[in-house]
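Numbering (this note's numbering), first residue to last: 1 to 981.
Quick reminder that beta carbons are idealized off the backbone N, C-alpha and C, glycines included.
Since the model is a prediction, treat every value here as computed from it, not as a measurement.
Below is the structure:
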């Protein structure tokens, strides 16, 4: 290293957790930088002492409970940095109360709390400012020397991969002759080895100078000569560098963009390279290079092929990776649910069913373990307008859902950086807007057009370059390997296997292909715009509007040069330079001057023009006026609105149980009558669903009106057994999103455990409430009540499902042991028995539980749940496990009514008889008449659950609450019911 001194570096890996939703831009540097500047309030010294690394780049949306990571690096002596670390660490520990920003537009505000702090260089958890490990100039030199020795750089070359971890703004050699963004290197042509070394040296020298290093003119000249010598031993190979404009929000939520170069290249080092140069490369990884490096720009990471772990270049990659991979993000339930919904909007060769959902769930498990193998593509052809056929290649439906999920996660960020000249496959943009753009351009003097498309574009995309660009822009992530696997599969069509050309092509039919096609061509758009050309591109078809024939010819050269950078070429047969008064076809329109005629279905062959004698005469007024009227911009209401997967607002759900009632309609209302008296009158516009439990009568006109309004009618028998639904739609088409989220969340351990805890705590709480109501026996019950309270505390602290089962069983034994205090001797009750019940009271409990279970199951099914998939109870054949979960909080209603009906003489000893069952075992039977009395009375109790609602209405509200909790992945949003005192 040619610098004699350099300030020590200390670094902190900050791990946060969101307490509320947050939304970022594609690159997070500006958000993290703003948060730290406001937090530390260091003024000018901030830029001299600090820099950041933002490994979360690429992820835009975070939900409550998601984690977040960034790195802060401080430069200076211990006295200088200790003050900074003391302020920052104290500030972070007091979050969210200490947050300097509360504006909801800011991603990092009072919506975060501290999870942990780790030392950047040794990975050890940080307890105080003094515990941070310093990375010194000496360590960089030692590392550079070790690297030089291991690579044997005195005798053989070494290639290292250079990835820009954030965009970089490096002034090019003749930057003084330019202004604005044109001063910076935009591609590989402008970045030479010598320029790169000079900019790195300038950065390090400026930092060292601020901290006291003084160099004279002779020293500086010697340094420059050394850099020039070292540059001879360096070659930049296989560069893939491109410019992007990253959007961010400044003061007053004003949208701005900040441009920078991104990409990667191979740095080939030849014998003659000195260890000191390697030390510079290692050190600058953490410092950054170029403009705005303190705000996180200009960071890079180096990857070499040396097999020595201790030779990692400065930073260990696992300490600066994102807190959650993008691959993990795409398999979150709400993302998968959105993917299913969007896939279902398309015309598919196969349809969604429960088997598909099961396949998706299985694939998600494999993706979590990085063991998922993408299936082969199924090929089929569709006719084109010109009579030829287009080969489409699609994966099975379950795999397309996963690919769509990846597209959903990646699209918002990538789309935000794409050029406004790109119109294809982008939300809110269409060919109609292209038409307006061309017409306006003609009025502004653009009378020439260069038109072309890209030769075999979708089959010619070079995927390694595409994946490398994703990696350099968004960071290393297992998602890139998965995308490569998806895109590279062979095609099966009938009995033939079409082997794909290695590394080439985007399958037309993949949900990812439109996004990735635009991404790989975005630099093409940017190149042409930088040269001042007015390009309009729709997928691989594009035109360049020009003011002269000469400009169009220059555009032709620029197009060929830019496409070479991504290993693509133009389709020569479809490439032409045309004057607009001759006319040309583009995107289903025939353009001439500023006229546009719809010719949907026809595509430009570049040869069809208006001859003078073919010029239309007597144009209709609407066409004649095209040249004089300005197009009207789209109203705000016509633009697509953002949606974040909110659950639809539910209307009224009518549940009828108990005595038979008659359902009719009157105009736009549903009428319910009992004994010729109207009991309900509900507007069909407000009605969401109807559930009928028992023998109710619905007229045929009423069924017709409900079907017309797409209001489902769910039917169960008097015991609550669900029979089915009368509906104008297939339930699977309406409820699959809920089903999938339910399947995911029931298997998600933290969520399921929290709900299961609530269920068991509620059950024990309601058992205590039942015993507390037995005031005459309060003294005998004191010990049991105390024991039940202790069990509640143990449930709250339990960490395993098996522990919850054991504690629930202990509570049940304590509870039921006391029932003989308030039951007659003939009930013969000593403990809970079933299958078969051994005594009369157990018969009533089993029957009552069955009624409650069936009614709960019916309500849950009508609310859109798969009831065989439970949270606490394990699923098994023919068992509605979710109904068992939900009914736990209401079992005491059955127990309390069974006690009541016996003690009030409504069920007597002679209503029971002892018989042999089909296995020859003794069993107790309840007479048919007593059974009717008991079931009728219990259902009547359900109808009088509270002053303002029936048990069925209450259960439906609980079901909706559970659905919301699952959609939002927040167990705290579901409150299991507990009876109040």
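- For residue 398, same chain residues with a beta-carbon under 7 Å away, outside a window of 5 residues either side, are 356, 359, 360, 363 in chain order.
- Counting along the chain, no beta strand (DSSP E) covers residue 329; the unbroken alpha helix (DSSP H) around it starts and ends at 326-330.
- Within the same chain, and ignoring the five residues on either side of residue 245 in sequence, the residues whose Cβ sits closer than 6 Å to its Cβ are 257, 259.
- DSSP, read as helix, strand or coil, puts residue 95 in coil.
- Just so you know, the alpha carbons of residue 654 and residue 946 end up roughly 16 Å apart.
- Sorting 585, 572, 117 by C-alpha distance to the C-alpha of residue 556 places 572 at the top.
- When beta bridges are read from the DSSP output, residue 60 appears opposite no residue.
- For residue 937, the enclosing alpha helix (DSSP H) begins and ends at 928-943.
- Remark: C-beta atoms of residue 448 and residue 580 approach each other more closely than 9 Å.
- In the structure shown, residue 418 falls within a coil segment according to DSSP collapsed to helix, strand and coil.
- Contiguous alpha helix (DSSP H) elements confined to the segment 199-265 occur at 217-231, taking only those with 4 or more residues.
- Beta-bridge partners of residue 669 (DSSP): 666, 683.
- For residue 857, the secondary structure class from DSSP, reduced to helix, strand or coil, is helix.
- If you draw a straight line from the Cα of residue 770 to the Cα of residue 90, it is about 50 Å long.
- Under DSSP, residue 595 shares a beta bridge with 592.
- About 10 Å separates the beta carbon of residue 801 from that of residue 760, a gap too long to meet the 8 Å contact definition.
- Judged by DSSP in its simplified three-state form, residue 976 adopts coil rather than helix or strand.
- Residue 660 and residue 672 have their alpha carbons spaced roughly 10 Å apart.
- Bounds of the beta strand (DSSP E) holding residue 585 are 584-586.
- Rounded to the nearest angstrom, the gap between the Cα atoms of residue 968 and residue 334 is 8 Å.
- By a beta-carbon distance limit of 8 Å, residue 120 contacts residue 73. Their separation comes to about 7 Å.
- Contact fails between the segment 297-308 and the segment 450-464, because fewer than three Cβ pairs, one in each stretch, are under 8 Å apart.
- Of all C-beta pairs linking the segment 366-378 to the segment 480-492, three or more are shorter than 8 Å, placing the two stretches in contact.
- Distance from the Cα of residue 433 is smallest, within the candidate group 420, 445, 444, 79, for 420.
- A direct Cα-to-Cα measurement between residue 662 and residue 429 gives close to 52 Å.
- In the same chain as residue 199, and ignoring 5 residues on each side of it, the C-beta atoms closer than 8 Å to its own belong to 170, 171, 289, 290, in chain order.
- For residue 5, there is no enclosing beta strand (DSSP E), as DSSP marks it with neither H nor E.
- Exposed is the label assigned to residue 915, since fewer than 16 other Cβ atoms lie within 10 Å of its Cβ.
- With fewer than 16 other Cβ atoms from the protein chains shown falling within 10 Å of its own Cβ, residue 548 counts as exposed.
- Selection 94, 117, 884, 118 evaluated against residue 109 yields 94 as nearest (Cα-Cα).
- Between the segment 259-278 and the segment 229-239 there are three or more inter-stretch CB-CB distances shorter than 8 Å, so the stretches are counted as touching.
- Classified as buried, residue 855 has 16 or more neighbouring CB atoms from the shown chains inside 10 Å of its CB.
- DSSP lists 378, 497 as the bridge partner or partners of residue 492.
- Burial of residue 892 is indicated by the presence of at least 16 other C-beta atoms within 10 angstroms of its C-beta.
- For residue 545, the enclosing beta strand (DSSP E) starts and ends at 541-546.
- Excluding the 5 residues flanking it on each side, residue 873 has same chain C-beta neighbours closer than 7 Å at 881, 884, 885, in chain order.
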